[in-house]
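> First to last, the protein sequences are chains A and B.
With this note's numbering, letter number 286 in the first sequence gets 286, and the count goes up by one each step, no holes.
With positions in the second sequence counted from 1, the corresponding number in this note's numbering is that position plus 1000.
Take a look at the following structure, please.
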Amino acid sequence: MSASRRVVVTGMGSVSAGGIGGTAVVAQILAGAPSPIRPVRAFETAGWPSRLGAEVDDAALEGLLDPGAARRLSRICRLTVVASRLAVEDSGVPRGPALGLVVGTEHGDFRSSEEFVTGYLKRGPSGLSPMIFPSTVMNSMAAVAAIEIGARGPSITVNQATVAGDLAVARAAALVRDGRALAVVAGGVDEMFAHVYRRLSEMGMLSPAAGRGTEGCRPYEPDHNGVVLGEGATFLVLEDLESARARGAVVHAEIRSAAWGNVPAAPHTAPRRRRDLHSPALRALVSAGVAPSAVGTCYGSGNGDPALDDWELGLLAADRLPEPRSLASRFGQHGGLGALRVAAALDRLNKVALSPTTLVMVHGLARGGCRTALLIGRAA
Amino acid sequence: MTRVVVSGLGVVSPYGTGAKTFWTGLASGTCAIRPLTAIDTEGFRSRIGAEVPADVLASLGPSRRRARADRLAMAAAREALADADLSPTDRACAGLFVGAVGGGMLEAEAWYWEETRTGRPSPRIGALRAILPSTHAETLSSRLGLCGPKETVVMACASGAASLALGFDLIRSGAAPLALCGGVDALTRVCFMGFNALRLLDLEPCRPFDRDRKGMSIGEGAAFVVLEEAGHCRARGGRAYAELRGAGMTTDAHHVTSPEPSADGMVRAIEEALTAAGRAPGDVGYVNAHGTGTPQNDRVEALALARVFGPGRVLLSSTKSLVGHTMAAAGSLEAVASVLTLQHGLVPPTANLRVTDPEVPFDCVPETARAVELDAVLSNSFGFGGQNVSLVFGR
């Protein structure tokens, strides 16, 4: 591995309920289009506690995939392939052994697992499809995306609730910084799937949890009452600064530092502890050589889960960081959301009249204690 | 350059609990592959595998409500931490990297089977809370007091090895002085049925590198190691089993289930690991091969080794011939095997190997372990999605 490198963002691609495209389209979506959260259309929710979601319009994917791939790939793989390819096209980063890939996902491809198992339950061993089985492994999205974009460096799938995309971007920044790759396509993906939606809803994870109040995604608000699911894939291209400059790439911003850690908590719990002796947010600031006051804006992972929202607010306050903004009410909770938050940070740095030294933090916290911090600034 | 040592080992394997039990089984060449009992195999071509015995599972502690994979992971992780003799303060700054694929799928399958077949809600629905692979890391970190960076890595059959590679990077970057790294997978019906459907399972215990090999045998287990910055380990009086000198991670970007025929991705991973280790191919005396026993994998892996080392220039053997293919756990089980091979100066054999495939131009140490003085060992792990991870261990 080589010495530490500076990591910049040179492109993005997104397939979300808000739209499909690269940097320009994502900026338009972030600029204020109405929230696409509405009653779910892909499956029947009658009788379930929840009915809202932020869905990708499958018709919009037509023309972005060749018919063979569209037929061969599972839906979540199609989302991944299109978004990762848009990111690579947006950046112009070359294919090859120096290009890595990190895919974050909360749920993976449960649709394929269900389809595979159903074949057996209906027809016994003869009903099992060898074509579907590989998609039941959670790295299948990375597998097909790596082929699509020619990523022959490290290809990593990280599984993590709530902050899968944040963790993927942080992991990718470390891969570039440590010299494992000159560029890494990183982000996350999830799809809405009826079985997952129904079970999360019945477990009280989705708004309106236990039927309390009006259904909706209201992160950090006093009346927040659960998550609204979204779906889609968003990927960024993280690149070594020197390499990006050498090929004349457009540099959108610099990942000044990336840190992640763990606030011990039992699985699926959010204990609201305000003390984090190993705070990744503070470690990211130390690594960048700045104080909390250098952070002008903070994007948080608040998604309307009351316990998690409150825990995150407490930890950020303890670290003397600004009150966070959330994008979950725009896109719904899904694995691509972390990369969308980074995209929003880039957009804010480039559009809002912030001081040149002001930084934006993208913060993440999940039940179970995974905590992430990305510190983003203008590329000098 | 920061040096990273292995200071603790923990294993639950088809031989039983403990790294010592694991090594005794490997060194004696005992094949643990036999008829499966944990899942219904009626009607399938292959009905064998290497499972953790029921009495061993029962001995893993009181939390029988936990998913089988969580219990395997917890037992192996506890052993590794105890073996390293870490203080609570050391644990608090430890990173955690878990390679996993199946998560709590075994229990979730039982729930799904029951609801689908009866058409009624099943009380087993609580199994869904542990279905995701990331549950292992949450369980381990909360129960063991680990507060450093935590990641769940899903890289198919290379997941366990990748967990060590990422822990190695973490320590070398200075972000943490130590990390608990390893992989876990319990048997699942989906995995068993899937490899049967792909016709990749041998009807008999697998025979890696054999001319007449017919496929792999699945298995289950967990293995964790404590990786530690060498100075940190020395300062607290810890024991270093071996040094993890280099790690390589590449992707074929060729096919979802088949390795690239030219072996280019594997060669790049091996060379990257050797370069990071500052070692020449001639320094490596033994390769703990991925060695699944499928015709395609073994042929392409042998090609990769021949390209890097030259035909016949290194010993190799397959741990999977002894304990089956333990999926996400395989890479970390084989890392432990590699460390113990170095320590004991004894190369575990490839079981069930009668006639070596002419396309595998290497001494694959058939049937009986061999005493060899070694300075460096390579451990290969490959997986669906064209994932290639190679680790170089040194004394």
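Ideal Cβ placement from N, Cα and C applies to all residues, glycine included.
Quantities reported herein were computed from a predicted structural model and do not represent experimental measurements.
Please confirm whether B:L1353 and B:A1027 have their CB atoms less than 8 Å apart.
Against a cut-off of 8 Å, the Cβ pair of B:A1027 and B:L1353 comes out as no contact.
> Quick check on DSSP: helix, strand or coil for A:L354?
In this structure, A:L354 counts as coil in the three-state DSSP scheme.
> Buried or exposed: B:R1207, going by 16 or more other Cβ atoms within 10 Å of its Cβ?
Label assigned to B:R1207: buried.
> So, using beta-carbon positions, are A:L374 and A:A258 closer together than 8 Å?
Yes, these two residues count as a Cβ contact at 8 Å.
> Pick helix, strand or coil for A:E89, following the three-state DSSP scheme.
Here A:E89 sits in helix by DSSP.
> So that I know if they touch, is there some Cβ in chain B lying closer than 8 Å to that of A:Q333?
Cβ-Cβ to chain B under 8 Å: no for A:Q333.
> From B:L1244 to A:G63, what distance separates their C-alpha atoms?
Distance between the alpha carbons of B:L1244 and A:G63 is about 48 Å.
> Taking C-beta to C-beta, are A:A161 and A:E106 nearer than 8 Å?
The answer is yes: Cβ separation under 8 Å.
> If I measure Cβ to Cβ from A:D310 and keep anything under 7 Å in the same chain, skipping five residues before and after, which residues do I get?
Same-chain partners within the cutoff: R272.
> Which residue wins for smallest C-alpha separation from B:V1004, given the options B:A1156, B:D1169 and B:R1199?
It is B:D1169 whose Cα lies nearest to the Cα of B:V1004.
> Count the other C-beta atoms from every protein chain shown that fall within 10 angstroms of the C-beta of B:A1019, then say buried if there are 16 or more, exposed otherwise.
When all chains shown are included, B:A1019 counts as buried.
> Which residue or residues does DSSP assign as beta-bridge partners of B:P1035?
B:P1035 is bridged to B:I1048.
> B:N1388 by DSSP, collapsed to three states: which one?
B:N1388: strand per DSSP, three-state reduction.
> Are the C-beta atoms of A:T45 and some chain B residue less than 8 Å apart?
For A:T45, the answer is no, since every Cβ of chain B falls outside 8 Å of its Cβ.
> Excluding the 5 residues flanking B:A1371 on each side, which residues of the same chain have their C-beta closer than 7 Å to its C-beta?
Hits under 7 Å: G1345 and L1346.
> Between A:G53 and B:T1341, what straight-line distance do the alpha-carbon atoms span, to the nearest angstrom?
When rounded, the distance between both Cα atoms is 54 Å.
> So, helix, strand or coil for A:W311, using DSSP?
Three-state result, A:W311: helix.
> Under 8 Å by Cβ, that's how I've got B:F1393 and B:G1312 pegged, so tell me the actual separation to the nearest angstrom.
22 Å between Cβ atoms; not a contact.
> Do B:N1297 and B:V1377 come within 8 Å of each other at the CB atom, strictly closer than that value?
No, these two residues do not count as a Cβ contact at 8 Å.
> Just checking: is the beta-carbon of B:V1154 within a distance shorter than 8 Å of some beta-carbon in chain A?
Judged by the 8 Å Cβ criterion, B:V1154 is in contact with chain A.
> For the beta strand (DSSP E) that contains B:N1196, what are its first and last residues?
Not the beta strand (DSSP E): B:N1196 falls in the alpha helix (DSSP H), residues R1189 to A1197.
> With which residues is B:G1183 paired in a DSSP beta bridge?
DSSP, once it has assigned bridges, lists B:G1099 and B:A1223 as partnering B:G1183.
> What residues are listed by DSSP as bridge partners for B:Y1286?
B:L1315 and B:V1377.
> Using 8 Å for Cβ pairs, my map puts B:S1390 next to B:A1269. What's the rounded Cβ distance?
Correct: roughly 4 Å between the Cβ atoms.
> Which residues in the same chain have their Cβ closer than 7 Å to the Cβ of B:A1369, if we skip the five residues on either side of it in sequence?
So the qualifying residues of the chain are A1027, G1029, L1346, V1347, P1348 and P1349.
> Please list, in chain order, the residues of the segment 141-159 of chain A that have any C-beta partner in chain B closer than 7 Å.
Taking 7 Å as the Cβ-Cβ cut-off against chain B, the residues of the segment 141-159 of chain A that qualify are A142, A143, V144, A146, I147, G150, A151, R152, G153, P154, S155, I156, T157, V158 and N159.
> Taking CB distances under 8 Å as the criterion, tell me whether B:D1169 reaches chain A.
Interface residue, yes.
> Grouping DSSP H, G and I as helix and E and B as strand, with all else coil, what is B:D1210?
In this structure, B:D1210 counts as strand in the three-state DSSP scheme.
> Determine whether the beta carbon atoms of B:F1384 and B:M1266 lie at a separation below 8 Å.
No, the pair does not count as a contact, with Cβ atoms beyond the cut-off.
> With the cut-off set at 8 Å, would you say B:A1328 and B:V1101 are in Cβ contact?
A contact, by the Cβ cut-off of 8 Å.
> Contact criterion: CB-CB distance below 8 Å. Does A:C370 meet it with respect to chain B?
Yes, its Cβ sits closer than 8 Å to a Cβ of chain B.
> Given a threshold of 16 other Cβ atoms within 10 Å of its Cβ, counted over all protein chains shown, does A:A60 qualify as buried or as exposed?
By the neighbour-count rule (16 or more Cβ atoms within 10 Å), A:A60 is not buried but exposed.
> From this set, B:E1115, B:E1114, B:G1104 and B:H1290, which residue's C-alpha is nearest B:A1127's C-alpha?
Of the candidates B:E1115, B:E1114, B:G1104 and B:H1290, the one whose C-alpha sits nearest the C-alpha of B:A1127 is B:G1104.
> In whole angstroms, give me the CA-to-CA distance for A:S287 and B:F1097.
Roughly 22 Å between the two C-alpha positions.
> If you drop the 5 nearest sequence neighbours on each side, which residues of the same chain put their C-beta closer than 7 Å to that of B:D1283?
Same-chain partners within the cutoff: D1375 and A1376.
> Given B:P1358, which residues of its chain have a CB within under 8 Å of its CB, disregarding the five upstream and five downstream residues?
Excluding sequence neighbours, B:P1358 sits near R1211.
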